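Start counting at 1 in the sequence shown, then tack on 36, and there's your number in the working numbering.
Glycine is no exception: its CB is placed at the ideal position from the N, C-alpha and C atoms.
A quick note: this is a predicted structure, and the numbers were derived from the prediction, not measured.
Written below as structure tokens is the structure these notes are about.
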Amino acid sequence: YDLPYERGVHPYYLKDGKVRAMETIRFSVTTHHGCYGECNFCAISVHQGRTIRSRSETSILNEVKDFTKNPKWKGIISDVGGATANMYGYECDKKLDEGVCETKRCTGFKMFENNTNPKHNEYKICPTLKPNHKKSINLLQNIRKIPTVKKVFVNSGIRYDLINEDKFYGEEYLNEIVAHHVSGQMKIAPEHSETKVLKMMGKPSKNVLTDFKSKFENLNQTTGKKQFLTYYMIAAHPGCTEKDMKDLKDFANKDLKLNPEQVQVFTPTPSTYSTLMYYTELDPWTLEPIFVEKDPTKKQKQKDIVTSKL
Numbered sequence: 037y038d039l040p041y042e043r044g045v046h047p048y049y050l051k052d053g054k055v056r057a058m059e060t061i062r063f064s065v066t067t068h069h070g071c072y073g074e075c076n077f078c079a080i081s082v083h084q085g086r087t088i089r090s091r092s093e094t095s096i097l098n099e100v101k102d103f104t105k106n107p108k109w110k111g112i113i114s115d116v117g118g119a120t121a122n123m124y125g126y127e128c129d130k131k132l133d134e135g136v137c138e139t140k141r142c143t144g145f146k147m148f149e150n151n152t153n154p155k156h157n158e159y160k161i162c163p164t165l166k167p168n169h170k171k172s173i174n175l176l177q178n179i180r181k182i183p184t185v186k187k188v189f190v191n192s193g194i195r196y197d198l199i200n201e202d203k204f205y206g207e208e209y210l211n212e213i214v215a216h217h218v219s220g221q222m223k224i225a226p227e228h229s230e231t232k233v234l235k236m237m238g239k240p241s242k243n244v245l246t247d248f249k250s251k252f253e254n255l256n257q258t259t260g261k262k263q264f265l266t267y268y269m270i271a272a273h274p275g276c277t278e279k280d281m282k283d284l285k286d287f288a289n290k291d292l293k294l295n296p297e298q299v300q301v302f303t304p305t306p307s308t309y310s311t312l313m314y315y316t317e318l319d320p321w322t323l324e325p326i327f328v329e330k331d332p333t334k335k336q337k338q339k340d341i342v343t344s345k346l
């Protein structure tokens, strides 16, 4: 990261015109690699690993100082984060010493805890992980102190369950984000509301979401900000029926007070548990049959159910 990168499009591609994505990433900072979220539909942990490798604060601050020397610099950092923004700076000590657990996950339902009865009924963050946002708070504060830095956004996704779990710095971190680092909308990814679908996805329950939503809204009132949460949802995930999508729509309308727009139809991705479910039509932990929608028209219908204005 200390190398003198141009932060521009390679001349070979410039002849084809402007690359719009460059404006988004030119002055963004990667703070860490890896993800232990292990959502069943996501391949990030396969590509980047289940162990977080965080850059030093010095390395990150030096990169930001280098931004300020760029002729295109306007004082705005578009993102400070990684696969998940708030996994920076902490890890499970046991994992660092012995490697990742073969029979347990850092977050998610306890799918492997008891191989004789793997019903994965309980979502839980492993007690040895101990989320701690202190280093993230310090990093963001120190970035803001650098001369000519006007605004620092955190546009990478944030795991709200990790914020809720951090009893020492979670609320302070959220306050820091709300007060200084939201570009109008904060992105989170609950993906669904129905328990049986969330279990198939490996995501926390809707109660964790509504608890976080209340904290976010209260902090916005306190800070005088008019900011909103945006929610990513998935339709037609293995185990999901049209009724589940209708229930999701009701939850979104009544509890989230919105009509979901950012909804994607599930796409099988190599090396993920959800893809295994999609092709086998089985729960991989219980080997019980599950419903899997494979008809393209009916997949789209699931999406339309939740995005329709009716």
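Tell me the rounded alpha-carbon separation between residue i and residue j.
i, j, result
"S344", "N295", "8 Å"
"E230", "K261", "31 Å"
"G144", "Q336", "28 Å"
"T184", "P332", "51 Å"
"V299", "I341", "11 Å"
"G274", "E317", "In the sequence as displayed, the identity of residue 274 is Pro instead of Gly. Rounded to whole angstroms, P274 to E317 spans 8 Å at the Cα level."
"G111", "Q338", "43 Å"
"E127", "T87", "7 Å"
"E278", "K249", "26 Å"
"K51", "V45", "10 Å"
"T164", "K130", "7 Å"
"W109", "T259", "28 Å"
"K54", "F103", "21 Å"
"G85", "T120", "13 Å"
"K160", "S241", "10 Å"
"Y124", "A288", "30 Å"
"C142", "K293", "31 Å"
"R180", "N106", "18 Å"
"L210", "K290", "24 Å"
"T305", "I80", "10 Å"
"K187", "V82", "33 Å"
"S219", "G118", "17 Å"
"S92", "I224", "26 Å"
"W321", "T303", "21 Å"
"E324", "M236", "12 Å"
"H228", "I270", "7 Å"
"Y37", "V65", "10 Å"
"T67", "G238", "25 Å"
"Y72", "C162", "11 Å"
"G204", "T266", "The question names Gly, yet the displayed sequence has Phe at residue 204. Computed Cα separation, rounded: 26 Å."
"F327", "D280", "12 Å"
"E212", "N191", "14 Å"
"E208", "N200", "11 Å"
Check residue i in the structure and name its three-state DSSP category.
i, result
"V218", "coil"
"T277", "coil"
"I80", "helix"
"E297", "coil"
"L292", "helix"
"K51", "coil"
"L132", "helix"
"E59", "helix"
"V188", "strand"
"K166", "coil"
"S307", "coil"
"L318", "strand"
"E227", "strand"
"V37", "Here residue 37 turns out to be Tyr, not Val, going by the sequence shown. If DSSP states are grouped into helix, strand and coil, Y37 belongs with coil."
"Y72", "coil"
"Y159", "strand"
"I112", "strand"
"E207", "helix"
"N151", "Note on N151: pLDDT 45, under 50, position unreliable in the model; the coordinate value appears next. It is coil, neither helix nor strand."
With a cut-off of 8 Å on the beta carbons, I'd call residue i and residue j a contact; round off their distance for me.
i, j, result
"S353", "F63", "Outside the shown range of the chain (37 to 346) lies residue 353, about which nothing can therefore be said."
"Q221", "F264", "5 Å"
"V301", "A272", "5 Å"
"H69", "R43", "No, H69 and R43 are not in contact; Cβ-Cβ is about 20 Å, not under 8 Å."
Taking the continuous beta strand (DSSP E) assigned at residue i, which residues delimit it?
i, result
"M269", "264 to 271"
"D115", "115 to 117"
"S64", "64 to 66"
Looking at the unbroken alpha helix (DSSP H) that takes in residue i, where does it start and where does it end?
i, result
"S172", "170 to 180"
"Q338", "332 to 343"
"T94", "93 to 103"
"V244", "242 to 259"
"T231", "231 to 237"
"N122", "Neither: N122 is in no alpha helix (DSSP H) and is coded neither H nor E."
"L198", "196 to 201"
Got a sec: does the ligand MN put a non-hydrogen atom nearer than 7 Å to the Cβ of residue i?
i, result
"D52", "Here there are no bound small molecules, and the ligand MN is not part of this structure."
| Contact between the stretch 136 to 145 and the stretch 169 to 179 (3+ Cβ pairs under 8 Å) | no
| request: Mind the definition here: the stretch 52 to 60 touches the stretch 281 to 295 only if three or more C-beta pairs lie below 8 Å; say whether that holds. | output: Result no; under three Cβ-Cβ pairs closer than 8 Å.
| query | How about the stretch 241 to 260 and the stretch 304 to 324: do they share at least three Cβ pairs that are nearer than 8 Å? | reply | No: the two stretches stay apart, fewer than three of their Cβ pairs being nearer than 8 Å.
| query | Is the stretch 161 to 170 touching the stretch 88 to 106 in the sense that three or more CB pairs, one from each, lie closer than 8 Å? | reply | no
| Does the stretch 194 to 211 touch the stretch 238 to 247, meaning 3 or more C-beta pairs lie closer than 8 Å? | yes
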